[in-house]
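Our numbering applies: residue 2 is where the sequence shown begins, and numbers increase by one.
Here a beta-carbon is modelled for each residue, glycine too, at the ideal position from N, C-alpha and C.
The structure under discussion appears below in the form of structure tokens.
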Amino acid sequence: MAKVIQAFRERYHNMKLYKIGDEYPEDDADRVQYLTKQGFLNEENDSEPSVSLNFEEFAVLPAPEQKKLLADLGIEGDDGNAEKREALYSTYLASVSGNGDSDA
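Here is the structure:
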């Protein structure tokens, strides 16, 4: 299965909304390849999840999606409010970018 890394509506599936973290069926390999190249899908493997959202994109997600993304990335901490979730994600972005600047 391919994993959704950017939300989109799939016209070939009756405009179904695929959200970040959803699994996309691999019935049509050409379509999966196209959506992967466009940045909507990431073919699943055992490597660490790739970051597809910058800080601003993360900040506008609804709270449940923010919490799910943090959990999917293995980020643990107090995610009780938006500021705390944003701080956790900002710290994560700084750690994967290799610098101390949290404004990704």
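Note on geometry: alpha-carbon atoms of residue 91 and residue 5 lie some 21 Å from one another. Between residue 62 and residue 76, the gap from beta carbon to beta carbon reaches 7 Å or more. Secondary structure at residue 27: coil, using DSSP grouped into helix, strand and coil. A Cβ-Cβ distance of about 5 Å is found for the pair residue 17 and residue 11, placing them in contact under the 8 Å criterion.
In this structure, DSSP gives residue 69 a helical state, which the three-state scheme calls helix. Residue 95 carries a helical assignment under DSSP once its states are collapsed to helix, strand and coil. For residue 60, the enclosing alpha helix (DSSP H) has its first and last residue at 56 to 60. DSSP places residue 11 within a strand segment (E or B) once states are collapsed to three.
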